[in-house]
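Inspection log for the structure reproduced underneath, given as structure tokens.
Protein chains in written order, with the working numbering: chain A, 1 to 333; chain B, 1 to 438.
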């Protein structure tokens with residue numbers, strides 16, 4: 001296509017031939033054409049469903065019988081007053097905290113260990129990413145079996161040492177812990193590798209001079225490693241948050257035979273599961289659409305909070321390099 | 001890359017042509033010629049025993065190709081049907097529909113073909129009358145041909161019975177529980193005796209018992225005229241009290257339904273009786289085998305059911321109006337539900353026929369792998385006897401929601417030790433939340 005862009009410069013003063021006009025339009029408009037596929041696709045599978053879902057949420061809409069009457073924001077009002085929605089939001093955040101906090105701490109420790117001079121480095125690094133390769137469905141089935149109340153391995157071992165069995169699938173907190181375990185098992189190694197990559201980029205001579213100054217291993221970790229990987233850590237937190245708010249497969253398959261998705265008392269029904277139940281079991285498409293929008297707004301809100309926090313942290317940390325960059329860019333102009 | 005204008009024009013034409021090809025490929029000609037080669041799509045679920053029959057039909061009708069899809073569970077099939085029904089697109093020529101969906105299906109019965117237009121009136125005496133009644137919509141249109149029904153008998157473990165000092169022989173067990181006049185009182189009474197003798201549970205969990213109790217009423221969660229019939233329903237409340245008392249007395253093993261510890265609960269003596277509609281016999285056999293057991297595990301099948309005849313489940317074959325080959329699809333559905341085919345399905349999957357003549361066919365009453373597993377119990381004969389007296393209950397639009405989401409949690413509550421009144425009140429709260437004020 002290089003020949004076509006060459007044609008764009010029209011000779012000054014003379015009337016443009018059709019050929020020249022085409023050439024000029026080519027330069028002016030083709031870039032939009034080249035980026036169009038993304039935006040058309042985004043419009044079709046992103047923006048349109050979002051808008052359509054909003055329209056659905058303003059109607060009484062039965063899954064099978066289709067749209068009913070226009071009821072404005074009644075679905076939103078009904079859902080915001082529904083204890084089952086708040087139950088699902090509380091469950092989502094509880095499972096998110098139970099998984100994200102220990103997961104990131106453990107990932108940090110694993111990364112720090114892998115950052116040492118180990119024998120067979122690649123072997124250890126490959127090993128921590130292994131759980132991530134297994135599909136979530138398989139993970140959920142295996143863990144669901146482990147956490148079985150009567151025949152599960154974990155309860156068998158507890159009873160073996162004379163403890164009472166834990167009702168993983170009936171009680172709330174044990175259920176959340178079990179699901180958080182699945183999430184942690186899958187994601188800890190993944191996050192550890194990302195943190196490890198950040199740690200490897202920390203210049204070794206800083207450690208050396210700190211060691212010469214008499215700083216111990218703990219001191220070096222908290223005063224050099226942790227501050228140096230802060231931007232990466234923020235990235236890991238943000239991705240973990242987004243993933244945590246959309247958790248579906250693990251609670252859905254934890255008790256796959258349950259007639260209510262997310263446990264018979266909805267004790268670990270997350271918001272996405274609640275939405276699914278509303279749409280496909282209870283058949284109320286209007287309310288399901290309203291839930292989808294409420295969840296969307298919650299995620300946007302958390303995204304904004306994340307953005308503000310991370311900007312503040314990043315700017316307080318890198319004020320001087322930023323200024324230097326500004327100065328050099330001015331100099332170039 | 002350097003392209004001449006002509007090449008580009010050529011490419012554009014080619015692209016347009018390709019698009020046009022794709023477009024024509026998608027749209028079938030609406031004028032379906034039933035003599036020409038046609039493809040019929042069939043969607044079934046679980047184990048319906050039809051898979052072996054398609055090849056034979058294709059052989060007899062060389063112009064017809066059958067493309068069959070079997071979805072693993074009824075629940076997933078329901079989601080699949082609902083999604084496609086809601087989209088108005090993608091439904092097969094023949095859609096299998098389960099009894100539990102009827103409440104929702106009848107709400108949109110106009111989107112199913114009235115099979116009377118394709119000869120349903122000529123063959124409608126084939127089925128037991130209540131099965132035909134279930135498939136008839138409020139306007140009198142017949143929208144489905146019955147495949148199987150689910151008359152319930154009692155599965156029991158003869159070895160556990162004998163160890164507890166109860167009779168092990170299936171005729172004596174039927175007699176012990178009251179024979180043709182068997183009641184739930186008697187069932188719980190004998191259960192308490194068994195529990196006193198062994199300290200073990202009588203049934204696996206309360207959900208299936210409650211299911212049977214509700215299903216055998218002439219009116220269940222809805223009245224015949226479609227009104228909600230749960231609150232202040234003295235019959236249901238009385239049965240609930242009995243069920244809660246049974247659970248409190250240790251008769252429920254509080255197993256997780258459809259899991260049973262991978263079948264281990266069936267082989268380790270956790271419980272001695274089990275609610276068994278015809279299709280459940282295959283499930284019991286599968287569970288026992290999954291846990292490494294076989295026919296020697298002691299499970300047997302008795303011709304008795306507490307509280308009278310009960311039906312659980314059973315399916316229909318329907319033709320959605322979106323089908324382009326309605327006549328051919330209706331013919332295939334009629335053939336699949338004819339006597340020889342229903343007998344073959346029973347032999348393949350234990351689905352008890354809804355067609356009267358098939359019920360007494362030697363292929364159903366005779367011996368099979370299933371009869372061998374159940375200690376040579378004449379399974380087909382017993383199911384035929386259990387099918388007499390079944391009433392078709394009206395299923396309202398939210399029937400399955402009430403069964404699963406309103407009473408599901410309360411059933412788990414009484415199995416975990418909550419008293420019956422509290423659990424009933426919790427169910428009524430959920431009823432208001434999920435059904436009344438939806």
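Beta carbons: idealized from backbone N, C-alpha and C, even for Gly. In this text the structure is predicted, and so the values were computed from the model without any measurement.
Original post:
Looking at C-alpha atoms only, which residue of B/402, B/36, B/276 is the closest neighbour of residue 383 of chain B?
Top reply: B/276
Original post:
Just reading off the beta strand (DSSP E) that residue 45 of chain B is part of, what are its end residues?
Top reply: 38 to 45
**OP:** Could you check which residue in B/98, B/258, B/140, B/372 has the C-alpha nearest to that of residue 312 of chain B?
**Re:** B/98
Original post:
So which residues on chain B does residue 19 of chain A lean against when the C-beta distance must stay under 8 Å?
Top reply: Those within 8 Å of residue 19 of chain A in chain B number zero; the least Cβ separation is about 10 Å.
Original post:
Residues bridged to residue 153 of chain B by DSSP?
Top reply: B/276
Original post:
So, is residue 142 of chain A buried or exposed, given that buried needs 16 or more other C-beta atoms within 10 angstroms?
Top reply: exposed
Original post:
Quick one: what does DSSP say residue 145 of chain B is sitting in, helix, strand or coil?
Top reply: strand
Original post:
Going along chain A in order, which residues have a C-beta closer than 9 Å to the C-beta of residue 262 of chain B?
Top reply: 145, 148, 151
**OP:** Kindly indicate which residue of B/149, B/78, B/234, B/49 has the alpha-carbon position closest to the one of residue 424 of chain B.
**Re:** B/234
Original post:
Within the chosen definition, does the stretch 233 to 253 of chain A reach the stretch 27 to 34 of chain A through at least 3 CB pairs nearer than 8 Å?
Top reply: no
Subject >> Segments assigned alpha helix (DSSP H), at least 4 residues, entirely inside the stretch 186 to 229 of chain A >> reply: 204 to 212, 217 to 220
**OP:** Determine the closest residue to residue 356 of chain B out of B/315, B/105, B/149, with distance taken between C-alpha atoms.
**Re:** B/149
**OP:** Check residue 212 of chain B in the structure and name its three-state DSSP category.
**Re:** helix
Original post:
Is residue 88 of chain B near the ligand HEM, with its Cβ less than 6 Å from a heavy atom?
Top reply: For the ligand HEM, the structure offers nothing, since it holds no ligand at all.
Original post:
Would residue 117 of chain A be called buried (16 or more neighbouring beta carbons within 10 Å of its own) or exposed?
Top reply: exposed
Original post:
Using a Cβ-Cβ distance under 7 Å, would residue 110 of chain B count as near chain A?
Top reply: no
Subject >> Cβ-based burial, residue 192 of chain A [other Cβ within 10 Å; buried from 16] >> reply: buried
Subject >> Host beta strand (DSSP E) of residue 95 of chain B (start-end) >> reply: 94 to 98
**OP:** Can you grab the Cα-Cα spacing for the pair residue 143 of chain B / residue 100 of chain B, in whole Å?
**Re:** 15 Å
Subject >> CA nearest to the CA of residue 360 of chain B, picked from B/250, B/346, B/184 >> reply: B/346
Original post:
Thinking C-alpha only, which one of B/49, B/420, B/40 is nearest residue 238 of chain B?
Top reply: B/420
Original post:
Among the residues of its own chain, which have a CB less than 6 Å from the CB of residue 29 of chain B, if the five just before and after it don't count?
Top reply: Because residue 29 of chain B sits at a pLDDT of 40, beneath the cut-off of 50, its placement in the model cannot be relied upon, and the following sentence gives the value as read from the coordinates. For residue 29 of chain B, where only same-chain residues beyond five positions count, there are no Cβ hits under 6 Å.
**OP:** Indicate whether residue 56 of chain A and residue 285 of chain A have their beta-carbon atoms separated by less than 7 Å.
**Re:** yes
Original post:
Is the stretch 293 to 308 of chain B touching the stretch 76 to 87 of chain B, taking contact as three or more C-beta pairs under 8 Å?
Top reply: no
Original post:
Closest by CA to residue 327 of chain B, which one among B/107, B/115, B/88, B/57?
Top reply: B/115
**OP:** For residue 64 of chain B, write down the residues that DSSP places opposite it in a beta bridge.
**Re:** B/38
Original post:
Candidates B/226, B/362, B/225, B/195: which alpha carbon is nearest residue 246 of chain B's?
Top reply: B/195
**OP:** Would you mind working out which of B/385, B/117, B/109, B/429 sits nearest residue 304 of chain B, comparing C-alpha positions?
**Re:** B/385
Original post:
Which same chain residues, not among the five before or five after residue 464 of chain B, have their C-beta less than 6 Å away from its C-beta?
Top reply: As shown, chain B starts at 1 and ends at 438. That puts residue 464 of chain B outside it, with no answer to give.
Original post:
Helix, strand or coil: which one does DSSP assign to residue 395 of chain B?
Top reply: coil
Original post:
Are the stretch 330 to 339 of chain B and the stretch 404 to 412 of chain B touching, with three or more C-beta to C-beta distances below 8 Å?
Top reply: no
Original post:
Roughly how many angstroms separate the alpha carbons of residue 194 of chain A and residue 160 of chain A, rounded to a whole number?
Top reply: 39 Å
Original post:
By a C-beta neighbour count over all protein chains shown, 10 Å radius and 16 as the cutoff for buried, is residue 349 of chain B buried or exposed?
Top reply: buried
Original post:
For the beta strand (DSSP E) that contains residue 271 of chain B, what are its first and last residues?
Top reply: Note, residue 271 of chain B: premise wrong, no beta strand (DSSP E); not H, not E.
Original post:
Residues in the stretch 396 to 414 of chain B with C-beta within 9 Å of chain A's C-beta atoms, listed in sequence order?
Top reply: 397, 398, 400, 401, 403, 404, 405, 408, 409, 411, 412, 413
Subject >> Of the residues A/83, A/101, A/61, the one placed nearest residue 87 of chain B, counting alpha carbons only >> reply: A/61
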